[in-house]
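Engineer: According to numbering that gives the first Met the number 0, the sequence shown is numbered sequentially starting from 0.
Built from N, CA and C at the ideal position, the CB exists for glycine as well.
Here you go, one structure.
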Amino acid sequence: MVSQSYSSYSLFPHLTATENVAFGLRLRKVPADERRTRAAELLDLVGISGLGGRYPHQLSGGQQQRVALARALAVRPKVLLLDEPLSALDAKVRLQLRDEIRRVQLDLGITTLFVTHDQEEALSMADRVAVMRAGRLEQCAAPAQLCDRPATAFVAEFVGTMNHLPGTTADDGRAEVAGRQLPVDGERPSVGTKVKVLLRPEALDLEALDGADLVQEIGTCEGTARIATFLGSVTRLTVALGDGTEVKADLASHRAAEFPAGARVRVVPAPRPVLVLPV
């Protein structure tokens, strides 16, 4: 097990990094030469091969957490338990160590349970992600399935950002929203029921409206571009709709410049399955 704390609570302060890693082997009566060899291999595996002679107080937080990981791996466990091991580290070190843990886990093939409150951390590291609610399992699935095909409304709301658009259930298990008919995933209310349609920012596109388009077409969803948040390859645009609500749309950053603050836009959902909730 690797805990959240990387202080002396986790590592023995009177032992060097090498001695900390070898501690479990010493308890198992492994010969000294074999202990030293195994500790050196693991310190190299976690990227701190030159720091074996240092004590915990001579190491940075990220280095201490690497020692804790190496110590957990030394006894060749069948299951590795990581209890928010990165939450006490700064952002840059957390990203580096996140990649390192994933690499080590794949190299050694150890079943690993990683507990975290950081959704990006969970989605980027895991083969399967389990979403818990009040002590109960809501869904356990691959990260892509969790985002694209959430099993419950709670999972849909909890993982990532979700927009709510008004809609109505139509024939053939579809929902009519923003001038489009989209297939409904999951429970389908009876035809004609007013619903909230759940759509992620990446499932929304925008169209610019010129002067001739300012009269809203029946069933369409139009509003005003407000805030642009640059996220690298994509930019998240916040759009204020006519009823006062806001939706967020993720566009390629080179396209986002087409929609400056104050521009009138039409929100266009992508043709993919959606979840709906009764109003």
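Helix, strand or coil for Pro12 per DSSP?
Structural biologist: Reading the sequence shown from its first residue, position 13 is the one you call residue 12. Coil, per DSSP.
Engineer: Let me know the secondary structure DSSP gives Gly261 once reduced to three states.
Structural biologist: As a working mapping, residue 261 is identified with position 262 in the sequence shown. Coil, per DSSP.
Engineer: When you compare only the Cα positions, how much space is there between Arg132 and Gln118?
Structural biologist: Position 133 of the sequence shown, counted from the first residue, corresponds to residue 132. Position 119 of the sequence shown, counted from the first residue, corresponds to residue 118. If you take the alpha carbons of Arg132 and Gln118, they lie about 14 Å apart.
Engineer: Please work out which residues of its chain come closer than 7 Å, Cβ to Cβ, to Ser7, disregarding the five sequence neighbours upstream and downstream, and give them in chain order.
Structural biologist: Taking the sequence shown and counting its residues from 1, one reaches residue 7 at position 8. Bear in mind that a pLDDT of 45 at Ser7, under 50, signals an unreliable position, so the number given afterwards is only what the model happens to contain. Result list for Ser7: Pro55, in chain order.
Engineer: How is Met124 classed by DSSP in three states: helix, strand or coil?
Structural biologist: Stepping through the sequence shown from its first residue, residue 124 is reached at position 125. In the structure shown, Met124 sits in a helix (DSSP, three-state: H, G or I).
Engineer: Decide if Cys220 is buried, meaning its Cβ has at least 16 other Cβ atoms within 10 Å, or exposed.
Structural biologist: The sequence position of residue 220 within the sequence shown is 221, counting from 1. Cys220 should be labelled buried.
Engineer: From the DSSP secondary-structure annotation, give me the bridge partner or partners of Cys139.
Structural biologist: Here residue 139 refers to the residue found at position 140 of the sequence shown. According to DSSP, which records beta bridges pairwise, Cys139 is partnered with Ala129.
Engineer: Should Gly108 go down as buried or exposed, given a rule of 16 or more other Cβ atoms within 10 Å for buried?
Structural biologist: As a working mapping, residue 108 is identified with position 109 in the sequence shown. Gly108 is exposed by the Cβ-count criterion.
Engineer: Would you mind giving the Cβ-Cβ distance between Ala90 and Val1, rounded to the nearest angstrom? I have them listed as a contact below 8 Å.
Structural biologist: Here residue 90 refers to the residue found at position 91 of the sequence shown. Here residue 1 refers to the residue found at position 2 of the sequence shown. With a Cβ gap of about 19 Å, Ala90 and Val1 do not count as contacting.
Engineer: With DSSP collapsed to three states, give me the class of Lys91.
Structural biologist: Within the sequence shown, residue 91 is the residue found at index 92, counting from 1. Here Lys91 sits in helix by DSSP.
Engineer: So, do the stretch 100-116 and the stretch 59-75 have three or more beta carbon pairs nearer to each other than 8 Å?
Structural biologist: Contact between the stretch 100-116 and the stretch 59-75 is present, because at least three Cβ pairs lie under 8 Å.
Engineer: Only counting the same chain, and skipping five residues up and downstream in sequence, which positions put a Cβ closer than 6 Å to that of Ala227?
Structural biologist: Within the sequence shown, the letter at position 228 stands for residue 227. So the list reads Thr234, Leu236, Ala255, once near-sequence residues are dropped.
Engineer: Using the rule of at least 16 other Cβ atoms within 10 Å of the residue's Cβ for burial, across every protein chain shown, is Ser9 buried or exposed?
Structural biologist: Here the question's residue 9 lines up with position 10 in the sequence shown. The residue in question, Ser9, is buried, as its Cβ has 16 or more Cβ neighbours within 10 Å.
Engineer: Whose C-alpha, out of Asp249, Leu240, Ala239, Glu245, is nearest the C-alpha of Gly231?
Structural biologist: Counted from its first residue, the sequence shown places residue 231 at position 232. Selected option, being the one with the closest Cα: Asp249.
Engineer: Are at least three pairs of beta-carbons, each pair with one atom in the stretch 98-105 and one in the stretch 26-36, less than 8 Å apart?
Structural biologist: With a cut-off of 8 Å, the stretch 26-36 and the stretch 98-105 do not count as touching, because too few Cβ pairs lie within range.
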